[in-house]
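S.K.:
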Amino acid sequence: MGAAANIYDADCNVEPMYQTQKFCNRTAFAIASGCLGTVSSLLVVGLKIATASAPFKLEAVLSVLIFIINAFAVAYTTSSYGPGAPLGNLYYFSWGSFVASFFLSSSCYEEYTGASRDEAEASRRKDELFNEEEEEETGDF
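Take the sequence shown: its position 71, counting from 1, is numbered 72 in my numbering, and each next residue is one higher.
Next up, the structure:
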């Protein structure tokens, strides 16, 4: 986000513009995607600090949203017409952010499937315990 803002200030926020409108639009998109990722991350962290546990659905939805936004941001930013086309901080950190958002989303998915598995296991154990108690009451072994 910071590298994109520097590029925008140097190339797009001056008269006459040194770059094409396409380049400047992609730079603005890189800034916006960085801002959205930062704000949503701070929201989840703030909720975890304030309530000791953020709502899982909110965290999962935001992580998938960040992943999708980062997928488009990497495509637009690092393409041949984007500000991250030359190798540099913007290129590497765009890809790093995309990979980090993938791991964040996959972590939420694993947590969701683990919770589902734990619920199923708890339900199965409860049924087994209930059946054992029923057998003891009837005298069937």
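No residue lacks a Cβ here, since even glycine has one placed at the ideal position from N, Cα and C.
Just so we're clear, the structure is a prediction, and the values are computed from it rather than from any experiment.
Taking the alpha-carbon positions, what's the Ala76 to Asn7 distance?
M.R.: Counted from its first residue, the sequence shown places residue 76 at position 75. Counted from its first residue, the sequence shown places residue 7 at position 6. Taking the straight line joining both Cα atoms gives about 20 Å.
S.K.: Could you check how far apart the C-beta atoms of Leu66 and Ala5 are, in whole angstroms? I think they sit under 8 Å.
M.R.: Within the sequence shown, numbered from 1, the residue matching residue 66 stands at position 65. Within the sequence shown, numbered from 1, the residue matching residue 5 stands at position 4. In this structure Leu66 does not touch Ala5 by the C-beta definition: roughly 19 Å separates them, more than the 8 Å allowed.
S.K.: Could you check where the alpha helix (DSSP H) with Leu88 kicks off and where it finishes?
M.R.: Start at 1 with the first residue of the sequence shown, and residue 88 comes out as number 87. Here Leu88 belongs to no alpha helix (DSSP H), and DSSP marks it neither H nor E.
S.K.: Can you tell which of Ser64, Ala121, Thr114, Ala11 has the C-alpha that lies nearest to the C-alpha of Thr39?
M.R.: Here residue 39 refers to the residue found at position 38 when the sequence shown is read from its first residue. The option with the nearest alpha carbon to Thr39 is Ser64.
S.K.: Please classify Glu111 as buried or exposed, where buried requires at least 16 neighbouring CB atoms within 10 angstroms.
M.R.: Here residue 111 corresponds to residue number 110 of the sequence shown, with the count starting at 1. That one is exposed.
S.K.: Hey, out of Tyr9, Glu60, Cys25, whose CA is closest to Ser107's CA?
M.R.: Position 106 of the sequence shown, counted from the start, is the residue given in the question as residue 107. Cα-wise, what sits closest to Ser107 is Glu60.
S.K.: When the distance is taken between beta carbons, is Ala101 closer than 8 Å to Phe30?
M.R.: Here the question's residue 30 lines up with position 29 in the sequence shown. Here the question's residue 101 lines up with position 100 in the sequence shown. It is not a contact, given that the beta carbons lie outside the stated cut-off.
S.K.: Rank Gln20, Ala72, Phe94, Thr114 by C-alpha distance to the C-alpha of Gly3 and give the top, closest one.
M.R.: The residue labelled residue 3 in the question sits at position 2 within the sequence shown. Answer by Cα proximity: Phe94.
S.K.: Pick from Tyr19, Lys23, Asp12, Ala116: whose alpha carbon is nearest that of Ser81?
M.R.: Within the sequence shown, numbered from 1, the residue matching residue 81 stands at position 80. Answer by Cα proximity: Lys23.
S.K.: Relative to the C-alpha of Lys58, which candidate in Val45, Ala51, Phe68 has its C-alpha closest?
M.R.: Reading the sequence shown from its first residue, position 57 is the one you call residue 58. Taking only the C-alpha atoms, the option nearest Lys58 is Val45.
S.K.: Whole angstroms is fine: what's the gap from Ser124's alpha carbon to Cys109's?
M.R.: Position 123 of the sequence shown, counted from the start, is the residue given in the question as residue 124. Position 108 of the sequence shown, counted from the start, is the residue given in the question as residue 109. Rounded to whole angstroms, Ser124 to Cys109 spans 23 Å at the Cα level.
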